[in-house]
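All remarks here apply to the structure that follows.
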Amino acid sequence: MHFHSSLLSILLIVISCPLTVRTRRVAPLIEEDWARRPHRAAECTFGKQIRELGSTWFADLGPPFGVMYCIKCECIPVQKKRRIVARVQCRNIKNECPELTCKDPILLPDRCCKSCPGNSSTDIVQDVPVQLTSEEEERSLKHFGTLLTGKTSQALRRDEPNPTSMYNSAYNYLATGRFTFHRKNLYYSFYLSTSTPRPRSIQFIDGSGSILEEQTIDPIGGVYQNATGKLCGVWRRVPRDYRKLLRDERLHVSFIWEPSATLTGQLSRYRALSTEQYSSLLEPTMGVDRSLMSGAGATAIVSASSASAPSIHVSLVFNGVFLPNDVSEVPLIVQLEHMEKDYVVLREEIVVKKPSNELNFGEVRSALSGTDLRLLTRGKLSISIMSKRDPQALRLAGIVGPRTNCEMYQTLLLSETPSAASGLAWAFLDHAGSLRYGVQLIGLEEESPLVTLVDEGGKRRTELEDLTPSLVDGLANGSLERPGPRFLEPLFNGELAVVAASHVGSMLRGRLLQRPVADARDTAAPFLLRRLFQEPVHPGPVGLVWTAVDLDCSLHYELEIAGFPQTSANNHESRTFRLYLETMPLLAQGAPVARRLLEEFTGYILEGSVTGLSPVELYRIESGICFLEVTDKQAERILKAPFKARAPLSCLPHYADNDVASVVAYNLQPPRSDIETGACFHETRFYEEGTQWTSSTDPCSMCHCYRGLAQCDPVPCPALMCAQSKQLKPAPGHCCPICSGPGINMNGTGKNISSITRGCTLAGQFHLPGASWHPYLPPVGFDTCAVCTCDPITLEVKCPRVQCPPLDCDEKIAFRPSKKACCRQCPITIPSSANMGSDTTRLPRDQAAPSTKRTAEEILASGGCKNPLGSPYENGMEWHPRVHSHGEMKCVKCRCKNGEVRCDRKRCPRALCNTIAHQMKRGEYVADGDDCCTVQCRRARRHHRNNHHSARHSVTPRELS
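To convert, count from 1 in the sequence shown and add 3; that's my numbering.
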């Protein structure tokens, strides 16, 4: 239909305006860029809203225009070659208003056309009318399956016939599928024969061959698909018209390998799928007549019961086991046998009244012994169907294994008592039939809980398996080999529970419930969403979420929450929640934050997707620093969890710098909580836990990252052993002066003019030749008990520790006078006034004569030090301590400073030690003033000789710690 220019301009505005929806809706975003749901060919995009095929609505231009009730829009199907695509079609319905006979017509609110007073007719355009509730529709769309063989494939209509399409190279490929309709999504599951490769794409088509939906298949598959050998996927938001095709069994599925290699099968309703426990894909066996059995195959739907009288039910869908002259009443043999032994478990005859080239159906029911039932559960049995007239030429056979459905069993573990603990559990059957499981518990680490699988289907709860041996640090991962019907029946019926109980009374419980697998659930494990404030409550809200990024760079998430109070019967309003994505969370104080609203939803299950994420955002998601957060309508934060999802390389940026624009490097550990994040933000940059760096604003400050906080310490300069006149001023970029010596020159101003390209490097820090420094050892800081030096000649780094004098007392009673003291000291005593040589009570430090000029309170208030045996010391007082066995210790000086006593031993310069050594070697007299240095230098010389070889190598900070 043609539009005039003004209407065209209005429609252009409409395309860019957001609209509101009545049911589940995408709420306004915090960020400017909109996180869109992936758009599909069977949907219309109108503004920022996705509309279902067949829906109608009025154009909403937003403020100040509002809804244009005279512009009716529809989402209509359009044929484009073989594909059906959806298009928006809008028209002006003003001219379609009926003629009125009354004199004074009125325009009612939300109307385009005027009406006569009292006339209740309306021209309101509604969305697609809901004919069935979601529960009713799901019940009507259950238990669909298909068999894809060469004989079931139909010739697709093509606009330009391709001569190569006459030969189908996939004619002998084989596959069987199951379909589950859930929340307007059609989940599909397939088993492929061993000779059938994974297809490149999958198509859903109608009876005329028009493509309704097409999806590209990941050639590798996810974690679940690789573990089970299945092909899994989902057709999301199936339009109403296409759901009707499925209900009427007029929908087909097609596998595409290349234009000349396709398989097609019809989606049919199989009632036996409601009780299916095992599946089998049957293909021609060795020695059959290949000309007769070309393109043949079958699938078996198997269920078993372990009641008082064990039994088995087999339902078969098959083709290709008929001779050319088999027209009616054809007998066939169905046989169940042991694969490794010549042992037939079951052999029955069925009769096909009218054979079909495409699909035939048959079923067998029989009693089964307990021994044979165990063989079935262990994957030891195979099933075959053969012609009774010529069983060697016409025979199909396959192994009986886990059922075809791609399904995960999961549960949230809720506390049955007031507790801050929570957990989750999940399980699935792999290709060998083993039950793989995972359990995560939070809050029970100190209680040593027992984890068990319990059957809650009967009157009494029956414990089936103890999972406690696999529980380590709150995580349990393992598998149960070939579980039998006593496991599978409660599992399939939703009656198998995971229970975690401790000896102090804490208990978490949840039933494993079936969930279809596609996109997000095709990953290793879900993430647990926890309460932000872990107060003991009952019940406590908890959640789990699966996440994945597909080949189109879309983020998929499947969320389930539980533990919220039940709404009353009179309150029909469902609780509304919001899901937020933080691609740059608050890693540290002052760091930038990127947070967006993904979706607003009601209920406790959410499945959604987001497209349009930037490569940098996807890079952050893969790095594991992102969060998902659930809030309620009042914006109260309820649940939160860090998560990560592997993204294809094509979705990631080509480079990643360590700055705010692109965030941390790949090996950053995921944030552990809001307080302990494992990453620090300092001066516009992110740093990993445990790293150290020089402050960019203060080169004389060293920083390190410890428990999510950046801590910086000023660089202390060691005391130099040279005279003041020989000290060089700090070079640019360096903090401490150095001594001049060989290889280090000075100009007239005393500045170092040596080349800065020579020097030593330790722990990533560059030091000039002749420099000395204290090593930096995070998280303690600078180690002032060690001094590193850069030899100006050899550029060798040595970091000897301070040499402590030998102790004159038992080592058990020795102590360190302060936390930063390098050496331990012996307890010392105070000489009394009556007898200075007698022993008195031992104290942690020696005492000087106390002051009596001021009161004790005045001395302590001014920074004095306590004296247990008398008046306190004055602030600033210095003295040499006395020991009863040695007298006055002239080489040790104590000082009271600001309420603390510190005692230090005199440090003797290396040059003085060399002089003393030469004097003693020549037998010369050494002055009394150097007695303390004489003893110290002798001990240092002996220690140097004993450790000569070990002290020559470079020392790293790890060796110093």
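Where a beta carbon is used, it is the ideal one built from N, C-alpha and C, also for glycine.
1) With a 10 Å radius around its C-beta and 16 neighbouring C-beta atoms as the bar for buried, classify residue 652 as buried or exposed.
2) Run through the DSSP bridge pairs and tell me what residue 260 is partnered with.
3) Looking at the secondary structure, which residues open and close the beta strand (DSSP E) in which residue 363 lies?
4) Provide the residue(s) that pair with residue 322 in DSSP beta bridges, ordered along the chain.
5) Short of 6 Å in beta carbon distance, which residues of its chain neighbour residue 989, apart from the five on each side in sequence? Order them along the chain.
6) Going by the beta-carbon positions, is the gap between residue 415 and residue 546 smaller than 8 Å?
7) How big is the Cα-Cα spacing for residue 162 and residue 252?
8) Could you tell me the alpha carbon to alpha carbon distance between residue 189 and residue 273, rounded to whole angstroms?
9) Please name the residue or residues paired with residue 80 in a DSSP beta bridge.
10) Per DSSP, what kind of secondary structure is residue 170 in: helix, strand or coil?
11) Can you check which of these residues, 785, 807, 56 and 49, is closest to residue 63 by C-alpha distance?
12) Given residue 459, which residues of its chain have a CB within under 6 Å of its CB, disregarding the five upstream and five downstream residues?
13) Does DSSP classify residue 402 as helix, strand or coil?
14) What do you reckon, are the CB atoms on residue 408 and residue 183 nearer than 8 Å?
15) Give me the Cβ distance between residue 348 and residue 319, rounded to the nearest whole Å; I'm assuming they're in contact under 8 Å.
16) Rounded to the nearest angstrom, what separates residue 770 and residue 762 at their Cα positions?
17) From what residue to what residue does the beta strand (DSSP E) around residue 643 run?
18) Quick check on the DSSP output: the beta strand (DSSP E) that includes residue 208 runs from which residue to which?
19) Along the alpha helix (DSSP H) that carries residue 192, what are the first and last residues, could you check?
20) Report the rounded CA-to-CA distance for residue 334 versus residue 487, giving the unit in angstroms.
21) Taking the straight line between their C-alpha atoms, what separation do you get for residue 77 and residue 615?
22) Apply the 10 Å Cβ neighbour rule to residue 411 and answer buried if 16 or more other Cβ atoms are within range, or exposed otherwise.
23) Can you tell me the Cα-Cα spacing of residue 862 and residue 902, whole angstroms?
24) On the DSSP letters alone, give me the boundaries of the beta strand (DSSP E) that residue 479 sits inside.
25) Just the Cα atoms here: how many angstroms apart are residue 449 and residue 471?
26) At the level of alpha carbons, what is the spacing between residue 363 and residue 323?
27) Mind reading off the beta-carbon distance from residue 600 to residue 631? Whole number of angstroms is fine, and I expect it under 8 Å.
28) Which residue's Cα is closest to the Cα of residue 425: 432, 441 and 446?
29) Going by DSSP, what residue range makes up the alpha helix (DSSP H) through residue 861?
30) Out of curiosity, what's the CA-to-CA distance linking residue 775 and residue 712?
31) Just how far apart, CA to CA, sit residue 703 and residue 802?
32) Where does residue 502 fall in DSSP's three states?
33) I need the straight-line Cα distance from residue 673 to residue 264, nearest angstrom please.
34) Measure from the C-beta of residue 380 to each C-beta in chain C and report whether the shortest distance is under 8 Å.
35) Would you please state the rounded distance, in angstroms, between the beta carbons of residue 285 and residue 400? I believe it to be under 8 Å.
36) So, with DSSP's three-state summary, where would you put residue 315?
Here's the rundown:
1) Numbered from 1 along the sequence shown, position 649 holds the residue referred to as residue 652. Residue 652 sits exposed, since fewer than 16 C-beta atoms from the chains shown fall within 10 Å of its C-beta.
2) Taking the sequence shown and counting its residues from 1, one reaches residue 260 at position 257. According to DSSP, residue 260 shares a beta bridge with no other residue.
3) By 1-based counting over the sequence shown, the position of residue 363 is 360. Taken as a continuous stretch (DSSP letters only), the beta strand (DSSP E) holding residue 363 covers 363–370.
4) For the purposes of this step, residue 322 is taken as residue 319 along the sequence shown, with counting starting at 1. Per DSSP, the beta bridge partners of residue 322 are 300.
5) The question about residue 989 has no answer, for the chain in this structure spans 4 to 964.
6) Residue mapping note: residue 415 aligns to position 412 of the sequence shown, counting from 1. Residue mapping note: residue 546 aligns to position 543 of the sequence shown, counting from 1. Taking 8 Å as the Cβ cut-off, residue 415 and residue 546 qualify as a contacting pair.
7) The sequence position of residue 162 within the sequence shown is 159, counting from 1. The sequence position of residue 252 within the sequence shown is 249, counting from 1. Since pLDDT at residue 162 reaches only 41, below the 50 mark, its modelled position is unreliable, and the value read off the structure follows with that caveat. CA-to-CA, the gap between residue 162 and residue 252 works out to about 25 Å.
8) Stepping through the sequence shown from its first residue, residue 189 is reached at position 186. Stepping through the sequence shown from its first residue, residue 273 is reached at position 270. So the two alpha carbons sit approximately 16 Å from each other.
9) Counting from 1 along the sequence shown, the entry for residue 80 is found at position 77. BP columns for residue 80 point to 89.
10) Here residue 170 corresponds to residue number 167 of the sequence shown, with the count starting at 1. Residue state, collapsed to three classes: coil.
11) On the sequence shown, residue 63 is found 60 positions in, with the first residue counted as 1. Nearest of 785, 807, 56 and 49 to residue 63, Cα basis: 49.
12) Taking the first residue of the sequence shown as position 1, residue 459 is located at position 456. Cβ neighbours of residue 459 beyond the five flanking positions: 498 and 500.
13) Position 399 of the sequence shown holds residue 402. Three-state result, residue 402: strand.
14) Against the sequence shown, residue 408 aligns to sequence position 405. Against the sequence shown, residue 183 aligns to sequence position 180. Yes, the pair counts as a contact, with Cβ atoms nearer than the cut-off.
15) As a working note, residue 348 is residue 345 in the sequence shown. As a working note, residue 319 is residue 316 in the sequence shown. With 8 Å as the limit, residue 348 and residue 319 do not qualify as a contact, their Cβ atoms being about 16 Å apart.
16) Stepping through the sequence shown from its first residue, residue 770 is reached at position 767. Stepping through the sequence shown from its first residue, residue 762 is reached at position 759. Straight-line Cα distance between these residues: approximately 6 Å.
17) Position 640 of the sequence shown, counted from the start, is the residue given in the question as residue 643. Segment 640–646, the beta strand (DSSP E) holding residue 643.
18) The sequence position of residue 208 within the sequence shown is 205, counting from 1. In the DSSP assignment, residue 208 falls within the beta strand (DSSP E) that extends over 204–208.
19) Locating residue 192 in the sequence shown gives position 189, where the first residue counts as 1. Per DSSP, residue 192 is not a residue of any alpha helix (DSSP H); the beta strand (DSSP E) it occupies stretches across 188–195.
20) One-based indexing of the sequence shown puts residue 334 at position 331. One-based indexing of the sequence shown puts residue 487 at position 484. Cα-Cα distance, rounded: 33 Å.
21) Taking the sequence shown and counting its residues from 1, one reaches residue 77 at position 74. Taking the sequence shown and counting its residues from 1, one reaches residue 615 at position 612. Rounded to the nearest angstrom, the two C-alpha atoms are 26 Å apart.
22) What you label residue 411 is simply residue 408 of the sequence shown in a count that begins at 1. Buried is the call here.
23) Taking the sequence shown and counting its residues from 1, the one referred to as residue 862 is at position 859. Taking the sequence shown and counting its residues from 1, the one referred to as residue 902 is at position 899. Looking at the two C-alpha atoms, the distance is approximately 10 Å.
24) Residue 479 sits at position 476 when you count from the first residue of the sequence shown. Membership of residue 479 in the beta strand (DSSP E) is indicated by the continuous run 478–483.
25) As a first step, residue 449 must be located in the sequence shown, where it is residue number 446. As a first step, residue 471 must be located in the sequence shown, where it is residue number 468. Roughly 15 Å between the two C-alpha positions.
26) As a first step, residue 363 must be located in the sequence shown, where it is residue number 360. As a first step, residue 323 must be located in the sequence shown, where it is residue number 320. Whole-angstrom Cα-Cα distance: 9 Å.
27) For the purposes of this step, residue 600 is identified with residue 597 of the sequence shown, where counting begins at 1. For the purposes of this step, residue 631 is identified with residue 628 of the sequence shown, where counting begins at 1. Contact between residue 600 and residue 631 does not hold, since the beta-carbon distance rounds to 12 Å and is not under 8 Å.
28) Position 422 of the sequence shown, counted from the first residue, corresponds to residue 425. It is 446.
29) Within the sequence shown, residue 861 is the residue found at index 858, counting from 1. Counting along the chain, the alpha helix (DSSP H) containing residue 861 begins and ends at 859–864.
30) Taking the first residue of the sequence shown as position 1, residue 775 is located at position 772. Taking the first residue of the sequence shown as position 1, residue 712 is located at position 709. One C-alpha to the other measures close to 29 Å.
31) On the sequence shown, residue 703 is found 700 positions in, with the first residue counted as 1. On the sequence shown, residue 802 is found 799 positions in, with the first residue counted as 1. Rounded to whole angstroms, the separation of the alpha carbons of residue 802 and residue 703 is 20 Å.
32) Your numbering for residue 502 matches position 499 in the sequence shown. In the structure shown, residue 502 adopts extended strand secondary structure according to DSSP, grouped into three states.
33) Numbered from 1 along the sequence shown, position 670 holds the residue referred to as residue 673. Numbered from 1 along the sequence shown, position 261 holds the residue referred to as residue 264. Confidence at residue 673 is low in this model, with a pLDDT of 36, below 50, so its placement is unreliable and the value that follows should be read with caution. Rounded to the nearest whole angstrom, the C-alpha separation of residue 673 and residue 264 is 45 Å.
34) Absent from the structure: chain C. Only one protein chain is present.
35) By 1-based counting over the sequence shown, the position of residue 285 is 282. By 1-based counting over the sequence shown, the position of residue 400 is 397. Right, the Cβ-Cβ distance comes to about 6 Å (below 8 Å), so this counts as a contact.
36) Here residue 315 refers to the residue found at position 312 when the sequence shown is read from its first residue. Assignment of residue 315 by DSSP, reduced to helix, strand and coil, places it in the strand class.
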